[in-house]
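Heads up: the structure comes next, in structure tokens.
Protein chains: 2
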Amino acid sequence: MPRVCFLLKVRQDRLAEYRERHAAVWPEMLDALRDTGWRNYSLFLREDGLLVGYLETDDFEAAQRAMAATEVNARWQAEMAPMFEGLDGGAPDSGMTPLTEVFHLP
Amino acid sequence: MPRVCFLLKVRQDRLAEYRERHAAVWPEMLDALRDTGWRNYSLFLREDGLLVGYLETDDFEAAQRAMAATEVNARWQAEMAPMFEGLDGGAPDSGMTPLTEVFHLP
Chain A
397 MPRVCFLLKV RQDRLAEYRE RHAAVWPEML DALRDTGWRN YSLFLREDGL
447 LVGYLETDDF EAAQRAMAAT EVNARWQAEM APMFEGLDGG APDSGMTPLT
497 EVFHLP
Chain B
397 MPRVCFLLKV RQDRLAEYRE RHAAVWPEML DALRDTGWRN YSLFLREDGL
447 LVGYLETDDF EAAQRAMAAT EVNARWQAEM APMFEGLDGG APDSGMTPLT
497 EVFHLP
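These protein sequence lines are chains A and B, in that order.
Residues are numbered in the working numbering as their position in the first sequence, beginning at 1, plus a constant of 396.
Residues are numbered in the working numbering as their position in the second sequence, beginning at 1, plus a constant of 396.
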């Protein structure tokens with residue numbers, strides 16, 4: 397299954413809150429992610445706020461579109477948006493630009 | 397299996413070379429990674445040279461130690477080292493500091 401990696405930046409003054417929220421993601425948000433094909437999905441945070449997302453999915457654009465169409469995602473992203481830098485007012489999930497995979501060992 | 401994410405920085409003027417080398421990693425390097433427990437290991441490159449590593453392994457410190465003890469790794473890392481920024485003369489694999497995983501959905 398294809399692998400996807402994206403980067404975002406969490407604001408320094410919201411790091412603790414970001415961690416807390418992601419230790420207790422709403423069950424309906426987890427269900428929506430599962431239902432729309434997000435598999436083995438991890439978020440990793442560096443101390444300066446750089447956030448790495450990694451997931452496996454057959455078609456990332458389709459998984460993003462399906463997730464964006466859910467009501468719970470709109471509520472979740474609206475609550476997360478103020479914690480991010482440089483989104484120009486957009487939702488965090490609109491800034492998930494995939495990096496290029498240059499190596500893979502199964 | 398625990399998931400590990402680390403970041404490195406490839407020099408802008410070596411990006412093409414880095415990509416080429418990682419499209420043709422030596423078979424004995426791949427064998428050594430497999431033998432020392434590196435699983436589902438990907439490298440993702442952003443256009444500015446930021447490199448994201450992701451892998452799954454039971455014990456990352458043990459996997460790093462075992463890999464560092466191989467002869468092929470020493471040769472590989474010596475050839476890769478000049479392509480990286482900010483390693484202070486060290487080998488790239490000594491700069492693989494794991495980020496904190498703050499979320500996971502299986």
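No residue lacks a Cβ here, since even glycine has one placed at the ideal position from N, Cα and C.
Answer yes if the segment 429–448 of chain A comes into contact with the segment 404–418 of chain B, meaning at least three C-beta pairs across the two stretches below 8 Å, and no otherwise.
-> no
Among Leu429/A, Leu411/A and Thr493/A, the one whose alpha carbon lies nearest that of Trp472/A | Walking along the first sequence from the start, residue 472/A turns up at place 76. Nearest of Leu429/A, Leu411/A and Thr493/A to Trp472/A, Cα basis: Leu429/A.
Could you pull out every residue in the same chain whose Cβ sits closer than 7 Å to the Cβ of Pro488/B, ignoring the five residues on either side in sequence?
-> Residue 488/B sits at position 92 when you count from the first residue of the second sequence. Hits under 7 Å: Leu404, Gln473, Met476, Ala477 and Phe480.
8 Å Cβ cutoff, Leu426/B in contact with chain A = Counting from one through the second sequence, the residue named residue 426/B turns up at place 30. Interface residue, yes.
What are the residues of the segment 433–446 of chain A that lie near chain B, defined by any Cβ-Cβ distance shorter than 7 Å?
-> Trp434, Asn436, Tyr437, Ser438, Leu439, Phe440, Leu441 and Arg442
With a cut-off of 8 Å, does the C-beta of Arg410/B fall near any C-beta of chain A?
-> Indexing the second sequence from 1 puts residue 410/B at position 14. It does not: the Cβ of Arg410/B has no partner Cβ on chain A nearer than 8 Å.
Less than 8 Å separating the beta-carbons of Glu467/A and Arg399/A?
-> By one-based count along the first sequence, residue 467/A stands at place 71. By one-based count along the first sequence, residue 399/A stands at place 3. Not closer than 8 Å, so no.
Report yes if the CB atom of Met397/A is closer than 8 Å to the CB atom of Thr453/A, and no otherwise.
-> What you label residue 397/A is simply residue 1 of the first sequence in a count that begins at 1. What you label residue 453/A is simply residue 57 of the first sequence in a count that begins at 1. In contact: Met397/A and Thr453/A (Cβ atoms closer than 8 Å).
Alpha carbon of Leu495/A to alpha carbon of Leu451/A, nearest angstrom | By one-based count along the first sequence, residue 495/A stands at place 99. By one-based count along the first sequence, residue 451/A stands at place 55. Those two C-alpha atoms are separated by around 12 Å.
Short CB-CB distance (under 8 Å) between Val468/B and chain A | Residue mapping note: residue 468/B aligns to position 72 of the second sequence, counting from 1. Val468/B does not count as touching chain A.
Chain B beta carbons: is any one of them nearer than 8 Å to that of Leu505/A?
-> A question about residue 505/A goes unanswered here, because the residues of chain A that appear run from 397 up to 502.
On the DSSP bridge assignment, give the partners of Ser438/B in chain order.
-> Numbered from its first residue, the second sequence carries residue 438/B at position 42. Per DSSP, His500/A and Tyr450/B.
For Thr520/B, which residues in chain A fall below 8 Å Cβ to Cβ?
-> A question about residue 520/B goes unanswered here, because the residues of chain B that appear run from 397 up to 502.
Candidates Ala465/B, Val421/B, Trp434/B and Ala459/B: which alpha carbon is nearest Pro502/A's?
-> Sequence index remark: in the first sequence, residue 502/A carries index 106 (1-based). When only C-alpha atoms are compared, the closest one is Trp434/B.
Distance between beta carbons of Cys401/A and Val421/B, contact taken as under 8 Å = Here residue 421/B corresponds to residue number 25 of the second sequence, with the count starting at 1. Here residue 401/A corresponds to residue number 5 of the first sequence, with the count starting at 1. At roughly 18 Å, the Cβ-Cβ gap does not stay under 8 Å, so Val421/B and Cys401/A are not in contact.
How about Arg497/A: is its C-beta nearer than 8 Å to some C-beta of chain B?
-> Your numbering for residue 497/A matches position 101 in the first sequence. It should be pointed out that residue 497/A corresponds to Glu in this sequence rather than to Arg. Closer than 8 Å to some Cβ of chain B, the Cβ of Glu497/A qualifies, so yes.
Ranges of the alpha helix (DSSP H) found wholly within the segment 449–486 of chain B, counting only runs of at least 4 = 456–464 and 467–476
Is Pro423/A close to chain B, meaning its C-beta is less than 8 Å from at least one C-beta of that chain?
-> To locate residue 423/A, count along the first sequence from 1; it is residue 27. No, Pro423/A lies away from the interface with chain B (no Cβ there is under 8 Å from its Cβ).
From the beta carbon of Arg415/B, is the nearest beta carbon of chain A less than 8 Å away?
-> Here the question's residue 415/B lines up with position 19 in the second sequence. With 8 Å as the cut-off, Arg415/B counts as an interface residue toward chain A.
Let me know the secondary structure DSSP gives Arg407/B once reduced to three states.
-> Position 11 of the second sequence, counted from the start, is the residue given in the question as residue 407/B. The answer is coil: DSSP assigns Arg407/B none of H, G, I, E or B.
Start and end residues, alpha helix (DSSP H) containing Glu424/A | Translated into the one-based positions of the first sequence, residue 424/A becomes position 28. Pro423 to Asp431 is the extent of the alpha helix (DSSP H) around Glu424/A.
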